[in-house]
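Asker: First the structure, which I've put down as structure tokens, then a few questions once you've had a look.
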Amino acid sequence: MKTLVCPDAHQDLTSLHYCISQLRDGEVDRVVFLGDVVDSWSSEQWYMDPMHSPHVCIRALAEWKKEFGDKFICLVGNHDWAYMRIRNMRMSEVNNAICISGLQHENSKLIGNTFDENDGVFQLAACIDGVVYSHAGF
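Per this note's numbering, residue 3 is the first one in the sequence shown, and the count goes up by one each step.
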């Protein structure tokens, strides 16, 4: 089986669409997304282009997981994990506890809630045909 491994997208929906098109077109049998769907480091990208918002990107991954099932593996990156942790913290705790470059503090609770809405899509690691996949930021 051919597996396409897709590294950090950081809100680049175009690259994610490319990976999915390879699966949809039969060029590959499986896609493993290694995580870090959020944090573009470009505040303009968040505000000016809603197609690259963290919410749209997270929800796209959830839809593709529903569509492709085990053919689409979606891992958690360290940036994603930070928002998953944030949703239960007060803002003062967030500012002191989470040191991730590019973290969107002002939107952290909303992004955390979007991950929460899509619980079950993301996993920490995957073992496929004897190969372990995980995000290097962990």
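Backbone N, C-alpha and C define an ideal beta-carbon position, used for all residues, glycine too. Note that the structure is predicted; figures quoted are calculated from it, not measured.
1) Tell me the rounded alpha-carbon separation between E119 and H81.
2) Alpha carbon to alpha carbon, what distance is there between H12 and N38?
3) Relative to the C-alpha of R61, which residue among L112, T116, I22, P9 is closest?
4) Select from D31, T16, S136 the residue whose C-alpha is nearest the C-alpha of G71.
5) Which class does Q125 belong to by DSSP, given the choice of helix, strand or coil?
6) Could you tell me if L126 is buried or exposed, where buried requires 16 or more neighbouring beta carbons within 10 angstroms of its beta carbon?
7) Per DSSP, I75 is paired with what?
8) Drop a sphere of 10 angstroms on the beta-carbon of H19, count the other beta-carbons inside from all chains shown, and report buried for 16 or more, exposed for fewer.
9) Considering L6, what are the terminal residues of the beta strand (DSSP E) in which it resides?
10) For I75, I'd like the list of residues in its chain whose CB is within less than 6 Å of its CB, leaving aside the five on either flank, ordered along the chain.
11) Taking the alpha carbon of S110 as the reference point, which residue from W66, K67, R87 has its own alpha carbon closest?
12) Which residues does DSSP pair with S136 in a beta bridge?
Answerer: Reading from the atomic positions:
1) As the crow flies, the alpha-carbon of E119 is around 17 Å from that of H81.
2) The amino acid at residue 38 is misidentified as Asn; the sequence shows Asp. Spanning the two alpha carbons is a distance of roughly 6 Å.
3) T116
4) D31
5) strand
6) exposed
7) V34
8) exposed
9) 5-8
10) V34, A128
11) R87
12) A127
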